[in-house]
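J.:
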Amino acid sequence: MKKIYVIGNRASKSLSPTIFNFWFKKYNIKAKYSFLELNTKNFDKKTHEVLKDNNVIGLNITIPFKNKILKHTDVLDKHAEEINAVNCVLKKNRKIIGTNTDWKGYYKTLPKSKNLKGKKVIIIGYGGAALAIHYVLKTKGFKNINIYNRTRKKLRFEEKTNYTKNLTKLDKDLVDADLIINTTPLDLVGKKNTHLISKKTLLSDIVYLPKETDFLKKYPSNKKIYGIEMLVEQAALCFKLWFGFKPAPDLELNELLDFKLK
Ligand code: NAP
1 MKKIYVIGNR ASKSLSPTIF NFWFKKYNIK AKYSFLELNT KNFDKKTHEV
51 LKDNNVIGLN ITIPFKNKIL KHTDVLDKHA EEINAVNCVL KKNRKIIGTN
101 TDWKGYYKTL PKSKNLKGKK VIIIGYGGAA LAIHYVLKTK GFKNINIYNR
151 TRKKLRFEEK TNYTKNLTKL DKDLVDADLI INTTPLDLVG KKNTHLISKK
201 TLLSDIVYLP KETDFLKKYP SNKKIYGIEM LVEQAALCFK LWFGFKPAPD
251 LELNELLDFK LK
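If you read the sequence shown in the working numbering, its first letter stands for residue 1, the second for the next number, and so on.
1. In terms of alpha-carbon separation, which member of 97, 172 and 149 lies closest to residue 78?
2. For residue 240, which option in 55, 142 and 104 has the closest C-alpha, if you only look at C-alpha atoms?
3. Among the candidates 180, 144 and 107, whose CA atom is the shortest distance from the CA of residue 237?
4. To the nearest whole angstrom, what separates the beta carbons of residue 208 and residue 226, a pair I think is in contact under 8 Å?
5. Compute the minimum distance between the beta carbon of residue 63 and the heavy atoms of the ligand NAP, and state whether it is under 8 Å.
6. Could you tell me whether the region 79-93 touches the region 130-141, using the rule of 3 or more Cβ pairs below 8 Å?
7. Is the closest heavy atom of the ligand NAP to the C-beta of residue 87 under 8 Å?
8. Quick check: what's the CA-CA separation for residue 58 versus residue 93?
9. Can you check which of these residues, 90, 63 and 74, is closest to residue 54 by C-alpha distance?
10. Whole angstroms is fine: what's the gap from residue 149's alpha carbon to residue 165's?
11. Checking 9 Å against the spacing of the C-beta atoms, do residue 125 and residue 85 come in under that value?
12. Tell me the DSSP secondary structure of residue 5 in three-state form.
13. Following a CB-centred definition, is residue 203 positioned closer than 8 Å to any heavy atom of the ligand NAP?
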């Protein structure tokens, strides 16, 4: 039987096994998707062992190994190379290929009708996932991207980036934002600044557990993009790499995930 794992230091909490095993059942695919919880000490040894198993056809990689996995790959696709992170591995022609589907997966969650390209976007946090989101927004021609991070890291894709500011300056910028994307495990907007966000602002949180994160639940009237939407989209793109077709959107899967996220 074909095997796929999600590897990470909290992989047991991942909803990826639920998503993929649902699709395997639906499409009658003889494969099993499981989690493998690794730590920095055993990561290299275990990853090497798993990749040597002929039944293993791919991996998903989650926090904190999306960069550490690079040295286990033979080839990177151009997006994974640009982002410097891999969330999806496949084996092809005896090569281990590192890919990234987070960037495209996130982009698919944005409503096309809103024509956000010329609008003001705020990204809160600049970790691995934010890097993939920044990459796709710049690639798609977004003109007004404002990034805030606790640590002042050198921004990638810098030449096209408008501002990098200290988090303390975030408040003023919230008022006229069209899209705010939280990529941190916290709500950095904070209670005292809740009123600064307009009801018209589209709010996105890539954290998916719980579905209504501390950030999202403070704005009942706003349109929202939930983290679980990105998880499903990036997973569907990995599925296509492994099995050659993209699973169709499925209400039953959405209901199952909603139940698990309660
Ligand atoms: P990461 O690389 O560790 O980045 C975490 C980010 O959060 C960094 O910007 C970090 O700031 C910031 N942060 C963490 N604790 C903070 C604090 N106490 N105060 C201020 N900032 C803080 O993680 P990641 O890979 O980007 O993932 C971020 C989240 O997104 C995780 O919860 C992950 O599960 C989720 N995610 C979801 C999907 C999906 O498909 N829905 C995909 C990928 C990730 P510093 O740089 O200052 O440390």
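Glycine is no exception: its CB is placed at the ideal position from the N, C-alpha and C atoms. All figures in this text were calculated on a predicted structure; none of them were measured in a lab.
T.: Quick look at the numbers:
1. 97
2. 104
3. 107
4. 7 Å
5. yes
6. yes
7. yes
8. 13 Å
9. 90
10. 7 Å
11. no
12. strand
13. no
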